[in-house]
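Its first residue numbered 1, the sequence shown is counted upward by one per residue in this note's numbering.
Here is the structure we will look at.
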Amino acid sequence: MTKEKIVLIGGGGHCRSVIDVIELENKYEILGIIDKKENYGKKVLNYNIIACDDELKNILKKCKNAVITIGHIKSNKIRIDLFNKLKNIGFNLPVIISPLSYISAHSLIEEGSVVLHHALINANVKIGKNCIINTKALIEHDVIIEDNCHISTGSIINGGVNVQANTFVGSNTTTKEYISLTGFIKAGSILK
């Protein structure tokens with residue numbers, strides 16, 4: 001079976017985590033990584049940095065799929081800008097899901113989102129575009145996570161919570177059910 005090619009946009013720590021998921025998912029062949037011009041020729045987990053953002057239109061001729069592999073800690077502006085740029089150029093931004101995660105058949109995950117190892121997404125969950133659901137995050141029933149959010153490692157988002165667009169939820173955060181989250185939520189928060 002021939003696998004579709006995909007390029008990764010950003011060569012930092014989050015890129016390494018996403019590479020691991022893509023390899024395990026075994027659905028795409030990684031063509032290479034797009035990063036800063038000064039990083040040409042370097043490698044990330046044995047994958048070459050093959051181009052910079054200025055060359056994305058040329059890359060599209062070889063590969064129609066891309067995934068943003070830049071994290072969202074201090075700001076998600078770069079992720080949002082890249083998502084819009086990639087869509088405008090014509091890239092397909094598939095959902096990347098670790099086979100070690102559990103995703104309810106009664107949930108929806110929109111384009112460009114990534115679900116990492118051991119995440120659990122329960123029934124009637126809606127996850128928007130360009131989101132990161134990080135390792136061991138638990139997303140309970142009836143949760144809505146709007147576009148451009150990052151749910152960090154080990155976080156528990158309980159039933160009926162609405163995570164508003166552009167929200168960062170720090171590692172090991174636990175929420176009460178049926179509340180609304182917005183902004184930057186620091187690691188270890190207990191939200192009642």
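Ideal Cβ placement from N, Cα and C applies to all residues, glycine included.
The structure displayed is predicted, hence computed values, not measured ones.
- For valine 95, no alpha helix (DSSP H) segment is defined, and its DSSP state is neither H nor E.
- Residue state for histidine 14 is assigned as helix, using DSSP reduced to three classes.
- Isoleucine 133 and threonine 153 have their alpha carbons spaced roughly 8 Å apart.
- Shown here, asparagine 162 sits in a strand according to DSSP, grouped into three states.
- Between the C-alpha atoms of lysine 129 and proline 94 there is a straight-line separation of about 10 Å.
- For the 9 Å CB-CB criterion, valine 18 and leucine 31 do not form a contact.
- Judged by DSSP in its simplified three-state form, lysine 42 adopts coil rather than helix or strand.
- Secondary structure of lysine 57 (DSSP, three-state): helix.
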